[in-house]
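Asker: Numbering (the UniProt record's numbering), first residue to last: 1 to 657.
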């Protein structure tokens with residue numbers, strides 16, 4: 001249930017309320033037909049909910065009521081008077097069985113958090129389900145454990161992790177320790193002693209998707225894969241009226257860890273698309289969802305079985321050397337957990353820390369009730385040796401990620417050395433993403449009959465939501481291009497008979513192709529995108545029933561002159577972080593790599609703006625090109641922007657599954 005309205009609704013949808021009286025029609029949004037939330041006025045005099053209007057404007061460019069031309073940037077917040085009238089509407093507490101109180105709509109959240117007996121009962125029942133072990137029980141200490149903190153705790157088996165990240169270093173904005181990736185860290189002005197929210201909360205969920213038609217597409221776009229800097233498979237967009245949208249539990253930014261029990265956290269993009277497009281009436285997904293920042297106080301630890309306390313020492317060459325660890329807090333669980341180890345980082349090279357380890361202490365300082373920020377401060381001030389005491393659930397490990405379509409291999413955790421953990425050697429990444437020449441130009445000149453058609457269908461156009469170049473979606477067996485054989489599906493069309501197609505919208509391109517097809521001879525210039533990675537099987541079989549378009553990974557190979565850049569302006573308060581993390585940048589071992597958006601945290605400026613998407617490439621920051629920069633150069637530039645930043649990005653559509 002939502003902690004603000006006390007009702008169940010999809011994460012990105014409006015809150016739900018039970019109004020005591022019928023609400024005046026003037027205060028109703030004519031998109032959702034509910035009383036207005038965060039009302040926005042249009043220049044033509046209509047008012048809609050912020051989320052309703054924003055979602056509508058992503059697909060249309062007119063007002064829903066009078067269909068006059070409209071852009072979201074032209075709209076503005078309703079007057080304070082209207083907002084106050086809406087906030088004062090009387091609502092019923094959603095927990096009517098235990099609480100019959102009524103209050104103004106703006107008072108409901110505080111009522112639920114502080115006074116509602118029904119919501120308290122719901123939270124305690126939820127806590128009991130998540131932590132069924134009685135807090136009064138004590139486990140005997142494991143053999144050989146001495147001088148360890150009391151009452152340690154490990155996360156439940158349901159809390160899995162983002163597995164195998166890509167080779168590119170993940171960097172978060174507002175991080176105290178370079179390389180200790182934690183987008184929850186929030187800066188304040190020097191000397192300020194202001195309250196801050198604590199840390200980033202993430203949790204995993206197993207979601208069962210049912211399809212009446214086993215061949216029906218899920219209706220979401222994905223980015224990432226081990227052959228891209230993102231590493232993991234990330235949901236970029238959920239399409240309206242789709243199977244996933246109807247289910248309501250998956251949102252943009254979620255990391256997909258498993259599909260039908262198969263670990264896809266370190267497979268190529270094409271392999272992930274293949275797994276997710278596999279037909280079937282039921283699909284089991286394990287996803288990791290970042291829930292935003294938590295300001296709840298840590299709860300009392302509880303004991304748990306199958307635990308193992310391990311001491312690990314990492315030695316920094318100098319005080320500023322990053323460890324390459326991402327730390328998080330989990331929902332309703334005290335303490336700090338390791339979410340990810342960055343490939344090539346100090347911790348990954350050491351090999352003794354693992355994802356899902358709980359950090360009990362660092363350099364003797366108790367962190368059982370700590371936050372990632374506190375851990376970052378300790379690590380940052382340490383000159384050389386960083387001593388970890390961590391808690392690990394023994395006997396449970398994730399299976400090895402699938403390689404090249406093979407079946408899942410379970411890793412054994414048993415050993416003959418007194419129960420010590422077996423540390424498996426990390427499999428080297430063979431597909432580090434590099435932006436290099438991944439296309440070839442071709443000129444196709446053919447002779448034809450005047451009435452003979454070209455026999456191709458096209459997609460894209462600069463009027464498309466993603467401002468794509470014109471590309472071939474099919475080559476029909478009835479036209480002259482099929483007979484010639486050199487133009488293929490997926491080719492990007494540059495020109496026809498000398499007419500530039502790269503800046504045309506879809507209808508202009510169709511017109512240009514038709515008019516020139518009437519000639520006796522046609523000269524087409526095109527780009528064929530080449531695969532940089534190990535050969536993948538054809539996706540033709542996987543794509544039956546899908547509207548064909550190039551995969552997301554294909555667009556990354558286009559030359560920069562075909563990119564369509566757009567500026568996204570973000571604003572924030574002094575105590576907020578920007579709310580996104582990035583991967584990529586220059587590294588000595590890999591050379592120049594583009595910067596990509598990997599994570600967008602709910603409830604932050606980047607999330608509220610809705611224009612930035614996972615998988616977007618950052619081209620420039622405040623007009624300064626990002627090409628050639630390393631993480632250590634770009635991050636300070638972003639941190640210096642206290643309240644406003646302009647990101648120039650290229651946004652490619654994720655692969656549809």
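For every residue, glycine included, the Cβ atom is placed at its ideal position computed from N, Cα and C.
1) Please confirm if the region 510-525 is in contact with the region 449-464, defined as three or more CB-CB distances below 8 Å between the two stretches.
2) Pick out whichever of 129, 206, 607 has its Cα sitting closest to the Cα of residue 287.
3) How long is the line joining the alpha carbons of residue 260 and residue 28, rounded to whole angstroms?
4) Assess, as a yes-or-no matter, whether the region 556-570 is touched by the region 473-482 under the definition of 3 or more beta carbon pairs within less than 8 Å.
5) Which residues in the same chain have their Cβ closer than 8 Å to the Cβ of residue 506, if we skip the five residues on either side of it in sequence?
6) Please classify residue 565 as buried or exposed, where buried requires at least 16 neighbouring CB atoms within 10 angstroms.
7) Can you give me the Cβ contacts of residue 62 inside the same chain, cut-off strictly under 8 Å, excluding the 5 residues immediately before and after it?
8) Should residue 526 go down as buried or exposed, given a rule of 16 or more other Cβ atoms within 10 Å for buried?
9) To the nearest angstrom, how far is the alpha carbon of residue 6 from that of residue 25?
10) Distance, Cα to Cα, residue 109 vs residue 47?
11) In the UniProt domain "PDZ" (443-528), which residue ranges form an unbroken beta strand (DSSP E) of at least 3 residues, counting only runs that do not cross its ends?
12) Buried or exposed: where does residue 315 fall if 16 or more other Cβ atoms within 10 Å of its Cβ makes it buried?
13) Taking the C-alpha atoms as reference points, what is the distance between residue 250 and residue 52?
14) Within 10 angstroms of the Cβ of residue 534, are there 16 or more other Cβ atoms? Answer buried if so, exposed if not.
15) List the DSSP bridge partners of residue 554.
16) Can you name, in chain order, every residue of its own chain whose Cβ lies under 8 Å from the Cβ of residue 76, other than the five neighbours on each side?
17) Tell me the DSSP secondary structure of residue 591 in three-state form.
18) Expressed to the nearest angstrom, what Euclidean distance is found between the alpha-carbon atoms of residue 270 and residue 226?
19) Under 7 Å, do residue 375 and residue 339 count as touching if we go by C-beta distance?
20) Can you check the UniProt domain "PDZ" (206-291) for any beta strand (DSSP E) of at least 3 residues that lies completely inside it and give the ranges in chain order?
21) Is it buried or exposed for residue 366, if we count other Cβ within 10 angstroms and need 16 for buried?
22) For residue 627, which three-state DSSP category applies?
23) Cβ of residue 389 within 7 Å of Cβ of residue 361?
24) With burial defined as no fewer than 16 other Cβ atoms inside 10 Å of the residue's Cβ, what is the status of residue 3: buried or exposed?
25) Going along the chain, which residues of its own chain have a beta-carbon closer than 8 Å to the beta-carbon of residue 90, five neighbours each way excluded?
26) Alpha carbon to alpha carbon, how far is residue 402 from residue 84?
27) Whose C-beta lies closer than 6 Å to the C-beta of residue 523 among residues of the same chain, with five residues either side of it excluded?
28) Around the C-beta of residue 8, are 16 or more other C-beta atoms found within 10 angstroms, so that it is buried, or is it exposed?
29) Beta-carbon within less than 7 Å of residue 243's beta-carbon, same chain only, minus the 5 sequence neighbours each way: which residues are those?
30) Rounded to the nearest angstrom, what separates residue 289 and residue 644 at their Cα positions?
31) Who pairs with residue 636 in a beta bridge, going by DSSP?
32) Are at least three pairs of beta-carbons, each pair with one atom in the region 612-630 and one in the region 647-654, less than 8 Å apart?
33) For the beta strand (DSSP E) holding residue 567, just list the boundary residues, first then last.
34) Do residue 368 and residue 324 have their C-beta atoms closer together than 7 Å?
35) Helix, strand or coil: which one does DSSP assign to residue 661?
36) Suppose you measure from the CA of residue 291 to the CA of residue 443; what does that come to, to the nearest Å?
Answerer: Well, looking at it:
1) Cβ pair count under 8 Å is three or more, so yes.
2) The residue with the shortest Cα to Cα distance from residue 287 is 206.
3) When the Cα atoms are used, residue 260 and residue 28 turn out to be separated by approximately 43 Å.
4) Cβ pair count under 8 Å is below three, so no.
5) Within the same chain, residue 506 has close Cβ partners 458, 459, 460, 461, 463, 464, 470.
6) It counts as exposed.
7) Excluding the 5 residues flanking it on each side, residue 62 has same chain C-beta neighbours closer than 8 Å at 68, 69, 70, in chain order.
8) Per the 10 Å Cβ criterion, buried.
9) If I take the Cα positions, the gap works out to 25 Å.
10) For the pair residue 109 and residue 47, the Cα-to-Cα distance works out to about 24 Å.
11) Assignment of beta strand (DSSP E) within the UniProt domain "PDZ" (443-528), counting only whole runs of 3 or more residues, yields 456-461, 468-475, 492-496 in chain order.
12) That one is exposed.
13) Their Cα atoms are separated by approximately 19 Å.
14) Confidence at residue 534 is low in this model, with a pLDDT of 40, below 50, so the placement of that residue should be treated as unreliable; the coordinate-derived value is given next. By the 10 Å Cβ count, residue 534 comes out exposed.
15) Looking at the DSSP output, residue 554 bridges to nothing.
16) So the list reads 40, 41, once near-sequence residues are dropped.
17) Here DSSP, grouped into helix, strand and coil, assigns residue 591 to strand.
18) Cα to Cα, the separation comes out at about 10 Å.
19) Cβ atoms of residue 375 and residue 339: not closer than 7 Å.
20) Counting only runs of 3 or more, we get 220-224, 233-238, 255-259.
21) Looking at its Cβ environment, which holds fewer than 16 other Cβ atoms inside 10 Å, residue 366 is exposed.
22) Residue state, collapsed to three classes: coil.
23) In this structure, residue 361 lies closer than 7 Å to residue 389 by Cβ.
24) So residue 3 counts as exposed.
25) 19, 20, 21, 102, 103, 104, 105.
26) Any reading at residue 402 needs caution, since the residue's pLDDT is 34, under 50, leaving its predicted position unreliable; the model's value is listed next. Going by the C-alpha atoms only, they are around 55 Å apart.
27) Non-local beta-carbon contacts of residue 523 in its own chain, meaning distances under 6 Å to residues more than five positions away in sequence, involve 445, 497 in chain order.
28) Its Cβ having fewer than 16 others within 10 Å, residue 8 is exposed.
29) Setting aside the 5 residues that flank it on each side, residue 243 is surrounded in the same chain by 209, 211, 216, 218, 219, each with a C-beta closer than 7 Å to its C-beta; the list follows chain order.
30) Answer to the nearest angstrom: the Cα atoms are 27 Å apart.
31) None, per the DSSP bridge assignment.
32) At 8 Å Cβ cutoff, the stretches touch.
33) DSSP places residue 567 inside the beta strand (DSSP E), whose first and last residues are 565-571.
34) Cβ distance not < 7 Å, so residue 368 and residue 324 don't count as in contact.
35) One cannot answer for residue 661 here, as it falls past the ends of the chain, which runs 1 to 657.
36) Roughly 50 Å between the two C-alpha positions.
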